[in-house]
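A short write-up of the structure that comes next.
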Amino acid sequence: MVRSNVIRGLCAGVASLIICAGCSEGNADEPAPPPSETAGERPELVIFVYDRSTSIPDYQLNLAKELTDARIDVLEHGDKIAALQVLQLSLAEPPERWSQTVPKKEWTDQEIARDSVTRTRFLRDAQAYLVAFTDTAGRDEIDGTDLLSTLHDVGAELRGAPGHEATLYMFSDMLQSNRQIDMEGLRRMPPSGWIHNAASKDMLPDLKGLCVVVIGARVDNEHSQRVRKFWQEYFEVTGASLRDPNYMHRPVKLPEHPCP
């Protein structure tokens, strides 16, 4: 499980990187040029959701780590990372969450070596920290898989980063399993019309504009096809995009442009 002292340690490290990024070099008598606004594409918000329940085999968590590292490697200055562990039973639980922004460039109108160093160090530290979310040990205490509640926290991440191009990577078998709904073996599937009924009562999160990529879900039997159909309808109703190619079991790599 994520430890609070680890969070404090990484946040302190990130803070020191940002401070160092602002340190001046060269002639102190020369006035520094004013920073300018970054033009071009919107910054990214990359949200990682990790299912560490006992239904997830160790190799899938190891794959999640590899794919996470590769995705973090290509983030740029000003992009934001958020990581969440799937809740077990309900929104009443405190979330296991981490979120940081890749330090922005000191000067946007020129290339400075220390900006590159700051970015590289930040991404390396983020990769090291997120190992806790794919830890294969200590999972026996996990008592459920509440993806539906977790997606409300994903909606909060979206609201906290307006103006970002948002992509959600869900490392999960997508089997909701708590006291109300249990998709394992289709034991307690939501009844027909459940999604639209919940939406009519304003019980679903607003995920408008979110691009969704699922890693770890099977599609090779009738049960798994019913589960996928549920999630496709769910994300459509909540305003997100989950394309068929982005619902995967164990991909070699993540799609470069999941929602063109």
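Numbering (our numbering), first residue to last: 5 to 264.
Glycine included, C-beta positions come from ideal geometry on N, C-alpha and C.
Quick one: what's got a C-beta closer than 7 Å to residue i's C-beta in the same chain, skipping five residues either side?
| i | result |
| --- | --- |
| Ala-165 | Leu-49 and Lys-84 |
| Arg-123 | His-81, Val-106 and Pro-107 |
| Thr-154 | Val-53, Leu-88, Val-90 and Leu-91 |
Span of the beta strand (DSSP E) holding residue i?
| i | result |
| --- | --- |
| Glu-237 | Looking at the DSSP string, Glu-237 is not in any beta strand (DSSP E); the run it does join, the alpha helix (DSSP H), is 226-241. |
| Thr-105 | 101-105 |
| Glu-97 | Per DSSP, Glu-97 belongs to no beta strand (DSSP E) and is neither H nor E. |
| Ala-160 | Ala-160 -> not in any beta strand (DSSP E); alpha helix (DSSP H) instead, spanning 151-163. |
| Glu-169 | 169-175 |
| Glu-48 | 48-54 |
| Ile-1 | The requested residue 1 is not part of the displayed model; the chain covers only 5 to 264. |
Where do the ends of the alpha helix (DSSP H) carrying residue i lie?
| i | result |
| --- | --- |
| Arg-125 | 117-134 |
| Thr-138 | Segment: none, Thr-138 is in no alpha helix (DSSP H) and carries neither H nor E. |
| Lys-69 | 62-77 |
Just confirm the distance between the C-beta atoms of residue i and residue j, as a whole number of angstroms; I'd bet it's less than 8 Å.
| i | j | result |
| --- | --- | --- |
| Asp-55 | Gln-92 | With a Cβ gap of about 10 Å, Asp-55 and Gln-92 do not count as contacting. |
| Val-218 | Leu-246 | 7 Å |
| Gly-142 | Ala-170 | Not confirmed; about 30 Å, so no contact. |
If you draw a straight line from the C-alpha of residue i to the C-alpha of residue j, how long is it?
| i | j | result |
| --- | --- | --- |
| Ala-203 | Glu-45 | 32 Å |
| Asp-177 | Gly-220 | 5 Å |
| Pro-47 | Leu-67 | 26 Å |
| Arg-183 | Arg-118 | 51 Å |
| Pro-61 | Ile-146 | 14 Å |
| Arg-101 | Ser-228 | 28 Å |
| Val-216 | Pro-262 | 8 Å |
| Glu-237 | Ile-116 | 47 Å |
| Glu-260 | Asp-144 | 35 Å |
| Trp-111 | Val-121 | 14 Å |
| Asp-157 | Met-207 | 13 Å |
| Gly-159 | Pro-209 | 6 Å |
By Cβ distance, which residues of its chain are closer than 6 Å to residue i, with the 5 residues on each side in sequence left out?
| i | result |
| --- | --- |
| Gln-64 | Gly-220 |
| Ile-86 | According to the sequence as given, residue 86 is Ala; it is not Ile. Hits under 6 Å: Ile-51, Ser-103 and Glu-161. |
| Gly-243 | Leu-211 and Lys-212 |
| Met-174 | Val-53 and Val-218 |
| Ala-32 | With a pLDDT of 37 at Ala-32, under the threshold of 50, the modelled position of this residue cannot be trusted; read the value that follows with caution. Excluding residues within five positions, none has a Cβ falling inside 6 Å. |
In chain order, what residues of the same chain have a beta carbon less than 8 Å from the beta carbon of residue i, not counting five sequence neighbours either side?
| i | result |
| --- | --- |
| Ile-185 | Leu-152, Arg-192, Met-193 and Pro-194 |
| Ser-59 | Thr-149, Asp-177, Leu-179, Ser-181 and Glu-188 |
| Phe-234 | Met-187, Met-193, Pro-194 and Ile-199 |
Secondary structure, beta strand (DSSP E): runs of 3+ residues fully inside the region 195-229: Every beta strand (DSSP E) stretch that sits fully inside the region 195-229 and reaches 3 residues is listed by chain position as 215-219.
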